[in-house]
Amino acid sequence: MSLTREELAAFADGELDPERHAEVERVVAADPELAREVAAHRALRARLSAHYAPILDDPVPEHLGALLQRQGNVVDLAKRRESQSAVRSGIPRWGWIAGPALAASLILALFIPRDTAYEGYAGKQVAAALNDQLVAAQPANARVRILLSFRDHSGAYCRAFAEAEQGGIACKDAQGWRVIDRLDGSNIESGVYRQAGSVRAELMAHAQEMAKGSALDAEQEAEAKRRLWQ
Amino acid sequence: MKGRETLSNRFEDGVVALLPRLRRFAIGLSRDWADGDDLCQITIERALTRRESYEPGTRLDSWMYRIMRNLWIDEQRARGRRSQTFVSEEAGVAIGALGAQDAAVQLGDVDRAMASLPDDQREAVLLVMVEGYTYREAAEIVGCPIGTLNSRLVRGREALLVKLGEAA
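Protein sequence lines correspond, in order, to chains A and B.
Residue numbering for the first sequence follows the numbering used here, beginning at 20 and increasing consecutively.
Residue numbering for the second sequence follows the numbering used here, beginning at 16 and increasing consecutively.
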């Protein structure tokens, strides 16, 4: 009996009709090499499904569920209008360019300090990253990661960054990178463990309040760097 | 209008119930949590505007998955045109690692192996081996003949077996 690779995989997946399944089963039972291949196919399936399973347990980001709640409110028209304008003025999509860097860095568990009095400017290491690193081109293992760049209402360049369990937003002025906003993992007195998604949403919300327009794309960012963020 | 409202709510409830699975597929396709959530968002938005084309009684999950994979393909094409947003394959892989909760965590073998597959094979592998669709259902979502789906799936899984070691 001839048996194609497709058929063998389909057998492992239980996709053959019962008659053919029984035939293949007999052939496989008599051939240790085929039996090993079938076992490998099944083990691969188990490994893949185990690999992606944690996503199902991760809490769905609030903004996704909210899209459906708002839209679902068809009874109260005034409320609906209100919510639709909320949707329109909601957090803009930052474009796909901001995504990859955020995912890698901000999945760290961060805490928002309640008593932040951080004043002043970024230290040497963070400043170096703010000066030199581009979101799309930074090394995957960079100690300080740049998450996204934008211009605030005064026209100054600002960049959100993450470093180990800390992160924040800094804007360039004549003195250097002034840290505007700081998320600090070392301060846990608020006792609130923040999901990575909500931290990200929080930082995005801060950036959105500060930003005029949307995040810089790779080209605009490279241009801003050439101009030394001035 | 009461009946319509009920129906409408059922549609939203159905989508809400699907969200964890939609996220899994989106993150699998885009190989990145943040991109995956963006993809989920535009999929939900599209589903809400196209809800009239959903036939009640048919499978909402397949309908949503189809919207999602089509949007993903559109996005891929758009990305190809925006060459300035190009991220090197290596950086893309590292950033997209599902296991990268901590930047220091080694990139998982499975992420690496999945990243090496062509898009059509990765999609077939995800639909059948992760999402658990039958070949027929997966082919309907992708919009291709079963034989095509089957051969993409076999090529994809054989490449994965080679990369991950046959013991998987």
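Ideal placement from N, C-alpha and C gives every residue a C-beta, glycine not left out.
Bear in mind that the values here come from a model prediction, so they are computed numbers and not experimental data.
ask   = Across which residues does DSSP place A/CYS177 in a beta bridge pair?
value = Position 158 of the first sequence holds residue 177 of chain A. Beta-bridge pairing links A/CYS177 to A/PHE169 and A/CYS190.
task = Please classify A/GLU34: does DSSP put it in a helix, a strand, or coil?
result = Looking up residue 34 of chain A in the first sequence gives position 15. In this structure, A/GLU34 counts as coil in the three-state DSSP scheme.
message = I need the straight-line Cα distance from A/VAL163 to A/GLU182, nearest angstrom please.
response = Taking the first residue of the first sequence as 1, we reach residue 163 of chain A at position 144. Taking the first residue of the first sequence as 1, we reach residue 182 of chain A at position 163. Approximately 5 Å, taken between the alpha carbons.
request  = Could you check how far apart the C-beta atoms of A/ALA48 and A/ALA54 are, in whole angstroms? I think they sit under 8 Å.
outcome  = Residue mapping note: residue 48 of chain A aligns to position 29 of the first sequence, counting from 1. Residue mapping note: residue 54 of chain A aligns to position 35 of the first sequence, counting from 1. Correct: roughly 7 Å between the Cβ atoms.
query = Just how far apart, CA to CA, sit A/GLY84 and B/LEU34?
reply = Residue 84 of chain A sits at position 65 when you count from the first residue of the first sequence. Residue 34 of chain B sits at position 19 when you count from the first residue of the second sequence. Spanning the two alpha carbons is a distance of roughly 8 Å.
Straight-line gap, B/LEU179 to B/SER131 (C-alpha atoms, nearest Å) = Translated into the one-based positions of the second sequence, residue 179 of chain B becomes position 164. Translated into the one-based positions of the second sequence, residue 131 of chain B becomes position 116. Between B/LEU179 and B/SER131, the C-alpha separation is close to 12 Å.
ask   = If we ignore side chains and look at the alpha-carbon of each, how far apart do A/LEU247 and A/GLN227 end up?
value = As a working note, residue 247 of chain A is residue 228 in the first sequence. As a working note, residue 227 of chain A is residue 208 in the first sequence. Cα-Cα distance, rounded: 23 Å.
key: A/LEU22 beta carbon less than 8 Å from that of A/VAL46   = As a first step, residue 46 of chain A must be located in the first sequence, where it is residue number 27. As a first step, residue 22 of chain A must be located in the first sequence, where it is residue number 3. Contact flag set, yes.
request  = Give a yes or no on whether 8 Å exceeds the smallest Cβ distance from B/CYS159 to chain A.
outcome  = Working through the second sequence from its first residue, we reach residue 159 of chain B at position 144. No, B/CYS159 lies away from the interface with chain A (no Cβ there is under 8 Å from its Cβ).
task = Answer with yes or no whether the minimum CB distance from A/ASP200 to chain B is below 8 Å.
result = Counted from its first residue, the first sequence places residue 200 of chain A at position 181. It does not; no Cβ of chain B falls within 8 Å.
Alpha-carbon to alpha-carbon, B/VAL145 and B/ALA174 = Counting from one through the second sequence, the residue named residue 174 of chain B turns up at place 159. Counting from one through the second sequence, the residue named residue 145 of chain B turns up at place 130. Rounded to the nearest angstrom, the two C-alpha atoms are 16 Å apart.
Short CB-CB distance (under 8 Å) between B/SER77 and chain A = Counting from 1 along the second sequence, the entry for residue 77 of chain B is found at position 62. Not closer than 8 Å to any Cβ of chain A, the Cβ of B/SER77 fails to qualify, so no.
key: Neighbour-count burial assignment, A/SER173, 16 or more Cβ in a 10 Å radius   = Sequence index remark: in the first sequence, residue 173 of chain A carries index 154 (1-based). It counts as exposed.
task = Tell me whether B/SER68 is buried or exposed, calling it buried when 16 or more other Cβ atoms sit within 10 Å of its Cβ.
result = Within the second sequence, numbered from 1, the residue matching residue 68 of chain B stands at position 53. The residue is exposed, with fewer than 16 neighbouring Cβ atoms inside 10 Å.
request  = Note down, in chain order, every chain B residue with its Cβ under 9 Å from the Cβ of A/ILE188.
outcome  = Taking the first sequence and counting its residues from 1, the one referred to as residue 188 of chain A is at position 169. Simply none; closest approach about 17 Å.
query = Would a check of beta-carbon distances place B/GLY43 closer than 8 Å to chain A?
reply = One-based indexing of the second sequence puts residue 43 of chain B at position 28. So, interface residue.
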